[in-house]
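**Student:** Let me begin by handing over the structure; questions about it come next.
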Amino acid sequence: MSETIAVIDYGMGNLHSVSKALEKVAGDQKIVVTGDPAAVVAADRVVFPGVGAIRDCIAVLRERELDQAILEVAASGRPLLGICVGMQAMMSHSEENEGVDCLGIFPGVVRRFPEQVDEFGNRLKVPHMGWNQVRQSSHPMWQNIPDHGRFYFVHSYHVTDLPEEQVAGGCEYGLHFAAAAARGNIFAVQFHPEKSAAHGLILLDNFLRWQPGAA
Amino acid sequence: MGLAKRIIPCLDVDQGRVVKGVQFVDIRDAGDPVEVARRYNEAGADEITFLDITASHEGRDTTLHTVEKMASQVFIPLTVGGGVRTLEDIRNLLNAGADKVSINSAAVHDPAFVQAAADRFGSQCIVVAIDAKKVSAESESNRWEIFTHGGRKATGIDAIGWARRMTEYGAGEILLTSMDRDGTRNGFDIALTRAISEAVPVPVIASGGVGNLQHLVDGVLQGGADAVLAASIFHFGEYSVREAKEYMISAGIEMRL
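Protein chains in written order, with our numbering: chain W, 1 to 215; chain A, 216 to 472.
So, in C-alpha cells, the structure goes:
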C-alpha cells in the first residue's frame with residue numbers, strides 16, 4: 001500500500017506551494033492537506049509548514065488539538081518535517097508577540113534578528129529575505145544537495161540556543177543561526193524547500209524516502 | 216558567503232496572457248505566462264513578479280487560474296501585483312499559490328489597508344509598490360513624490376516618508392519604481408534607490424530603467440538595492456539571467472548561480 005503524507009492545515013497560510021512541491025516529487029505517495037488531528041496521527045509522514053505570526057499559529061494548533069497530534073507524531077518515530085514557522089513552533093519558546101511558549105520538541109529559543117550592519121556599513125534588512133547558503137551537518141536529508149547550497153529564506157525571527165548535536169544546518173546573516181534542526185525522526189528547516197528550486201525539491205524528495213531508524 | 220542579491224524578471228499579464236511581448240529565442244508560445252515563468256525558473260531567476268494589468272472582473276478569475284498553474288510548476292517565490300484592493304483579493308491570490316502580493320494604489324487610497332493585510336497574512340507576504348517621480352528642480356535638493364495611475368496622477372506624498380510609513384504599517388518589502396526612468400533603458404534612479412533603501416529596515420527591489428547589466432550592478436552597489444527587477448532586457452533575449460548574474464558576481468556582488 002502506498003504511503004500517505006499529511007500536510008498540516010491549520011488555516012493560516014499558503015499550503016498550496018508545499019503540497020504542489022511534494023506532489024512534484026511524490027511518485028505514488030499520496031499527499032493529503034488536512035486539519036484533522038486523527039488524519040495527522042494516522043499518516044506515514046507529516047509535514048508541518050507555517051507562515052505568519054507564532055502566537056496565532058500556536059493558538060490555532062491548541063484549539064484544534066493539532067499540538068497533541070504533532071507531539072504524538074514526534075514521539076512515534078514517523079518522519080516529521082517542520083518548515084519556517086513550523087520549525088519555530090517546535091522550539092521551547094519564541095520571543096515574538098511578547099513571548100509565546102511553543103511545542104518544546106526542541107529546546108531552542110526563537111529570537112528576532114537584531115539591528116546590524118554589514119561589512120560595508122549598510123543596515124542588514126529584516127526580514128532576512130532571499131537565497132542564503134546552508135552549511136550542512138551530516139544527515140540523510142541533505143543527500144544529493146551540495147554543502148553550502150542555497151535555499152530561499154523569508155523570516156524575521158531565528159532559532160538560537162539549540163544544542164550543537166541538534167543543529168543540522170547553519171546559516172549566517174550578521175550572526176550564526178540554525179537553518180535546520182534534527183533529532184531522531186524529526187527534521188526542521190527555517191527556509192522554504194517548496195520555494196528553493198532544485199535544492200528544495202531534492203530535500204523534499206529525501207524526506208519522502210527518509211527512514212529515520214536506518215543508519 | 217551569505218545572502219545573495221536577487222534578480223527578478225517581471226511579467227505583465229493581461230487576462231492570462233503575457234503582454235508587452237516576451238521574445239525568447241526558442242520558445243513556442245511566448246504569451247503563456249506559465250511557460251515564460253518556467254523558462255525563467257530554469258534560467259536561474261531568483262523570483263518571479265507577475266503584474267496583473269487586467270481590468271475586468273472575469274479577467275481576475277483567469278488570473279487566479281494562471282497563478283494556480285504557475286505555482287504548481289514553478290518552485291521559486293512568486294509575487295503577484297496589480298489591482299489588489301481587498302483582504303479577499305489577497306487571500307484568493309495566496310490560496311492560488313502566490314507567495315507575496317504587491318499593493319500599490321490601494322495603499323495610497325487607504326494606508327490602513329496595508330496594516331490590516333500585514334496583521335492578517337504576515338509582513339512576509341506584503342509588498343508595497345511605490346511609483347515615485349522626482350519633483351524637485353535641478354537647483355534644489357532631491358525630492359520624490361508618489362504617483363498613481365501608471366505615473367499620471369500626482370498625490371503630493373513624499374516618497375521617502377511614505378516608504379517609512381508603509382514599513383511601519385507592516386510592509387515586508389518595498390518594490391520601488393522610478394517613473395522618470397521606467398522604459399528609458401537609462402538605468403535606475405540611483406539617488407532615489409539609495410534614499411529609500413537607507414530609509415527603511417526592509418528589503419528594497421529597484422525597478423525602472425534597466426538597459427544593460429551595469430545598471431543592475433549600480434542598483435545594488437550604488438543604490439543599495441537588495442533585489443533588481445527587470446523586464447525587457449530579459450524578455451527579448453538580450454541578456455540571459457545567467458549572464459546577468461555572472462556579470463554581477465564579477466563586480467563583487469554575491470549571487471546564486
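Here a beta-carbon is modelled for each residue, glycine too, at the ideal position from N, C-alpha and C. Since we're looking at a predicted model, the values are computed, not measured.
(1) With DSSP as the reference, label Glu96 (chain W) as helix, strand or coil.
(2) Using the three-state DSSP reduction, which class does Gln230 (chain A) fall into: helix, strand or coil?
(3) Specify whether the segment 64-72 of chain W and the segment 194-212 of chain W touch according to this definition: at least 3 beta carbon pairs, one from each stretch, less than 8 Å apart.
(4) For a contact defined as C-beta to C-beta under 7 Å, what are the partners of Gly169 (chain W) on chain A?
(5) Between the Cα of Ala168 (chain W) and those of W:Met129, W:Gln143, W:Asp9, spot the shortest distance and give me the residue it belongs to.
(6) With respect to the alpha helix (DSSP H) encompassing His148 (chain W), which residues constitute its N-terminal and C-terminal limits?
(7) Using 10 angstroms around the beta-carbon of Arg45 (chain W), count the other beta-carbons present and answer buried if the total reaches 16, otherwise exposed.
(8) Taking any Cβ of chain W, which residues in the segment 250-271 of chain A have a Cβ under 7 Å from it, in chain order?
(9) If the cut is a Cβ gap below 8 Å, which residues of chain W does Ala286 (chain A) touch?
(10) Tell me which residues of the segment 327-340 of chain A have at least one Cβ-Cβ distance to chain W shorter than 9 Å, keeping chain order.
(11) Spell out whether any CB of chain W is found under 9 Å from the CB atom of Pro224 (chain A).
(12) So does the segment 317-327 of chain A actually touch the segment 351-360 of chain A, counting three or more Cβ pairs closer than 8 Å?
(13) Taking Cβ to Cβ, would you say Gly130 (chain W) is nearer than 9 Å to Ala442 (chain A)?
(14) Take Arg183 (chain W) and list the residues in its own chain whose beta-carbon comes closer than 8 Å to its own, dropping the five residues that flank it on each side.
(15) For the segment 37-56 of chain W against the segment 219-234 of chain A, do three or more pairs of beta-carbon atoms, one drawn from each stretch, fall closer than 8 Å, so that the two count as touching?
(16) What does Val73 (chain W) pair with, by DSSP beta-bridge criteria?
(17) DSSP three-state call for Gly452 (chain A): helix, strand or coil?
(18) Tell whether a beta-carbon distance below 9 Å holds between Phe403 (chain A) and Ser422 (chain A).
(19) Could you tell me the distance, in whole angstroms, from the CA atom of Gly371 (chain A) to the CA atom of Thr363 (chain A)?
(20) With a threshold of 9 Å between beta carbons, is Trp210 (chain W) in contact with chain A?
(21) Could you say which of A:Arg379, A:Gly217, A:Arg275 lies nearest to Glu303 (chain A) if we only look at CA atoms?
(22) Any beta carbon from chain A within less than 9 Å of Gly184 (chain W)'s own beta carbon?
(23) Mind the definition here: the segment 79-88 of chain W touches the segment 371-384 of chain A only if three or more C-beta pairs lie below 8 Å; say whether that holds.
(24) What are the partner residues of Asp395 (chain A), as DSSP defines its beta bridges?
(25) Do you know how far the Cα of Asp395 (chain A) is from the Cα of Ser465 (chain A)?
(26) Please list the residues of the segment 119-141 of chain W that have a C-beta atom closer than 8 Å to any C-beta atom in chain A, keeping them in chain order.
(27) I want to verify the contact list: residues of chain A whose CB lies under 7 Å from the CB of Lys195 (chain W), in sequence order.
(28) Taking C-beta to C-beta, are Ala188 (chain W) and Ala198 (chain W) nearer than 9 Å?
(29) Per DSSP, which one or two residues make a beta bridge with Tyr157 (chain W)?
(30) In whole angstroms, give me the CA-to-CA distance for Thr281 (chain A) and Gly231 (chain A).
(31) Note down, in chain order, every chain W residue with its Cβ under 8 Å from the Cβ of Pro418 (chain A).
(32) Comparing alpha-carbon positions, which option in A:Gly398, A:Ile341, A:Val425, A:Thr408 lies nearest Gly385 (chain A)?
(33) Who are the near neighbours of Ala440 (chain A) in its chain, counting only those whose CB is closer than 7 Å to its CB and skipping five residues on each side?
(34) Would you tell me roughly how many angstroms separate the C-alpha atoms of Glu453 (chain A) and Phe265 (chain A), rounded to the nearest one?
(35) Report the neighbours of Leu201 (chain W) on chain A: residues whose CB is nearer than 8 Å to its CB, in chain order.
(36) So what does DSSP say about Lys220 (chain A), is it helix, strand or coil?
**Tutor:** According to the data block:
(1) Here residue 96 (chain W) refers to the residue found at position 96 of the first sequence. Helix.
(2) Counted from its first residue, the second sequence places residue 230 (chain A) at position 15. Gln230 (chain A) sits in coil when the DSSP states are folded into three classes, being neither helix nor strand.
(3) Contact between the segment 64-72 of chain W and the segment 194-212 of chain W is absent, because fewer than three Cβ pairs lie under 8 Å.
(4) In the first sequence, residue 169 (chain W) corresponds to position 169, counting from 1. Neighbours of Gly169 (chain W) on chain A: none; closest Cβ ~13 Å, over 7 Å.
(5) One-based indexing of the first sequence puts residue 168 (chain W) at position 168. Ranking the options by Cα distance to Ala168 (chain W), first place goes to W:Gln143.
(6) Residue mapping note: residue 148 (chain W) aligns to position 148 of the first sequence, counting from 1. Note, His148 (chain W): premise wrong, no alpha helix (DSSP H); not H, not E.
(7) As a position in the first sequence, residue 45 (chain W) is number 45, starting the count at 1. Counting the other Cβ atoms within 10 Å of the Cβ of Arg45 (chain W) gives 16 or more, which makes it buried.
(8) Per Cβ criterion, the list reads Asn256, Asp261.
(9) Taking the second sequence and counting its residues from 1, the one referred to as residue 286 (chain A) is at position 71. Contact of Ala286 (chain A) with chain W by beta-carbon distance below 8 Å involves His16, Ser17, Lys20.
(10) Cβ contacts with chain W come from Asp334, Arg335, Phe336, Gly337, Ser338, Gln339, Cys340.
(11) As a first step, residue 224 (chain A) must be located in the second sequence, where it is residue number 9. Not one chain W Cβ lies under 9 Å of Pro224 (chain A).
(12) These segments do not touch.
(13) For the purposes of this step, residue 130 (chain W) is taken as residue 130 along the first sequence, with counting starting at 1. For the purposes of this step, residue 442 (chain A) is taken as residue 227 along the second sequence, with counting starting at 1. Yes, the pair counts as a contact, with Cβ atoms nearer than the cut-off.
(14) Translated into positions along the first sequence, residue 183 (chain W) becomes position 183. Apart from the 5 residues on each side of it in sequence, Arg183 (chain W) sits with its Cβ closer than 8 Å to the Cβ of Ile105, Phe106, Gln166 in its chain, given in chain order.
(15) No: fewer than three Cβ pairs fall under 8 Å.
(16) The count along the first sequence starts at 1 and reaches residue 73 (chain W) at position 73. In the DSSP assignment, no residue is bridged to Val73 (chain W).
(17) Working through the second sequence from its first residue, we reach residue 452 (chain A) at position 237. In the structure shown, Gly452 (chain A) sits in coil (DSSP, three-state: anything other than H, G, I, E or B).
(18) One-based indexing of the second sequence puts residue 403 (chain A) at position 188. One-based indexing of the second sequence puts residue 422 (chain A) at position 207. With respect to Ser422 (chain A), Phe403 (chain A) sits close: the two C-beta atoms are nearer than 9 Å.
(19) Position 156 of the second sequence holds residue 371 (chain A). Position 148 of the second sequence holds residue 363 (chain A). Going by C-alpha positions, Gly371 (chain A) is about 11 Å away from Thr363 (chain A).
(20) The count along the first sequence starts at 1 and reaches residue 210 (chain W) at position 210. False, the Cβ-Cβ gap to chain A never drops below 9 Å.
(21) For this step, residue 303 (chain A) is matched to residue 88 along the second sequence. Nearest to Glu303 (chain A) by alpha-carbon distance, out of A:Arg379, A:Gly217, A:Arg275, is A:Arg275.
(22) Counted from its first residue, the first sequence places residue 184 (chain W) at position 184. No, its Cβ sits nowhere closer than 9 Å to a Cβ of chain A.
(23) Between the segment 79-88 of chain W and the segment 371-384 of chain A there are fewer than three inter-stretch CB-CB distances shorter than 8 Å, so the stretches are not counted as touching.
(24) The residue you call residue 395 (chain A) lines up with position 180 of the second sequence. Asp395 (chain A) is not bridged by DSSP to any residue.
(25) On the second sequence, residue 465 (chain A) is found 250 positions in, with the first residue counted as 1. On the second sequence, residue 395 (chain A) is found 180 positions in, with the first residue counted as 1. Looking at the two C-alpha atoms, the distance is approximately 29 Å.
(26) Result list: Asn122, Arg123, Lys125, Val126, Pro127, His128, Met129, Gly130, Trp131, Asn132, Gln133.
(27) Translated into positions along the first sequence, residue 195 (chain W) becomes position 195. For the C-beta of Lys195 (chain W), the chain A residues within less than 7 Å are, from N- to C-terminus, Phe290, Ile291, Pro292, Asp314.
(28) As a working note, residue 188 (chain W) is residue 188 in the first sequence. As a working note, residue 198 (chain W) is residue 198 in the first sequence. For Ala188 (chain W) and Ala198 (chain W), no; Cβs fall outside 9 Å.
(29) On the first sequence, residue 157 (chain W) is found 157 positions in, with the first residue counted as 1. W:Arg112, per the DSSP bridge assignment.
(30) Counting from 1 along the second sequence, the entry for residue 281 (chain A) is found at position 66. Counting from 1 along the second sequence, the entry for residue 231 (chain A) is found at position 16. Using only the alpha carbons, I get a separation of about 6 Å.
(31) On the second sequence, residue 418 (chain A) is found 203 positions in, with the first residue counted as 1. Those are Lys125, Pro127, Met129, Gly130, listed as they occur along chain W.
(32) In the second sequence, counting from the first residue as 1, residue 385 (chain A) sits at position 170. Taking each of A:Gly398, A:Ile341, A:Val425, A:Thr408 in turn and checking the Cα distance to Gly385 (chain A), the smallest one comes out for A:Ile341.
(33) Walking along the second sequence from the start, residue 440 (chain A) turns up at place 225. The beta carbon of Ala440 (chain A) sits closer than 7 Å to the beta carbons of Thr408, Ser412, Val419, Ile420, Ala421, Gly434 from its chain, once the five residues preceding and following it are set aside; these are given in chain order.
(34) The residue labelled residue 453 (chain A) in the question sits at position 238 within the second sequence. The residue labelled residue 265 (chain A) in the question sits at position 50 within the second sequence. Cα-Cα distance, rounded: 20 Å.
(35) What you label residue 201 (chain W) is simply residue 201 of the first sequence in a count that begins at 1. By Cβ distance, chain A contributes Phe290.
(36) Locating residue 220 (chain A) in the second sequence gives position 5, counting from the first residue. Three-state DSSP puts Lys220 (chain A) in coil, outside helix and strand.
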